[in-house]
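Student: Numbering-wise, this note's numbering puts 1572 at position 140 of the sequence shown, and it's gapless, one number per residue.
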Amino acid sequence: TRADEKDFSQIKSSIEAYLVKQGAQNKVSLTITRRGLIVSLKEAGFFESGHAQIKPVAYELINTIAESMAQYNNPLRLEGHTDNIPINSGQFPSNWELSTARAVNGLKYLISHFDVDPDKISATGYAEFRPLADNNTPEGRSKNRRVDLVMLSGDGERGEP
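1. Measuring alpha carbon to alpha carbon, tell me which of A1498, F1478 and P1507 ends up nearest T1616.
2. Going by DSSP in three states, S1461 sits in which element: helix, strand or coil?
3. Just to confirm the assignment, what range does the beta strand (DSSP E) spanning I1470 have?
4. From which residue to which residue does the alpha helix (DSSP H) around E1511 run?
5. When DSSP labels each residue in this structure, what does R1562 get in the three-state scheme?
6. Among Q1503, K1444 and Q1457, which residue has its Cα nearest to the Cα of V1548?
7. In angstroms with no decimal places, state the Cα-to-Cα distance between L1510 and M1583.
8. Starting from the C-beta of S1585, find all residues in its chain whose C-beta is less than 6 Å away, skip the five residues before and the five after it, and write them out in chain order.
Encoded structure:
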């Protein structure tokens, strides 16, 4: 079955209740748009600064989010985002590589731990070019460092490549 807007609202409420119970509401934000349900995993809760490996402490939270979506077969997109501070490490010559690697690591985790159809999931990196907030403040940069897990609606799926 495919989730629709009513299902998105139920999934969102369920995840938000879990976050409150865990005291983790500052690590994840959820929104519903025409594209679908967007679960924003904030860098501070899921990744070390400048790294793409998911923190082991974050697995339980990711598992709960994925379980709440698992009964539906909507396409999923993982979208990596960074702030506009340049990175130039041996592993990540730019924010493009970092944002993409984080999205791919999330995708690999979901495929290996949940029954996610590889035909229904994709990963992309946007570096600093789709900010949610102003990159001129530490708070804004913090909001921009995230991986969005997007459960696509019918409209959202039609708008994707």
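C-beta: ideal position from N, C-alpha, C; glycine also. Remember, predicted model here, so these are calculated numbers, not experimental data.
Tutor: Per the coordinate set shown:
1. Nothing can be reported for residue 1616: it is not among the residues displayed for the chain, which extend from 1433 to 1593.
2. Taking the sequence shown and counting its residues from 1, one reaches residue 1461 at position 29. Three-state DSSP puts S1461 in a strand.
3. The sequence position of residue 1470 within the sequence shown is 38, counting from 1. In this chain, the beta strand (DSSP E) harbouring I1470 covers G1468 to K1474.
4. Position 79 of the sequence shown, counting from 1, holds the residue named residue 1511. No alpha helix (DSSP H) holds E1511; the beta strand (DSSP E) holding it covers L1508 to H1513.
5. By one-based count along the sequence shown, residue 1562 stands at place 130. DSSP places R1562 in coil when its eight states are reduced to three.
6. Here residue 1548 corresponds to residue number 116 of the sequence shown, with the count starting at 1. With distances taken between Cα atoms, V1548 lies closest to Q1503.
7. Residue mapping note: residue 1510 aligns to position 78 of the sequence shown, counting from 1. Residue mapping note: residue 1583 aligns to position 151 of the sequence shown, counting from 1. One C-alpha to the other measures close to 9 Å.
8. Position 153 of the sequence shown, counted from the start, is the residue given in the question as residue 1585. Within the same chain, S1585 has close Cβ partners G1468.
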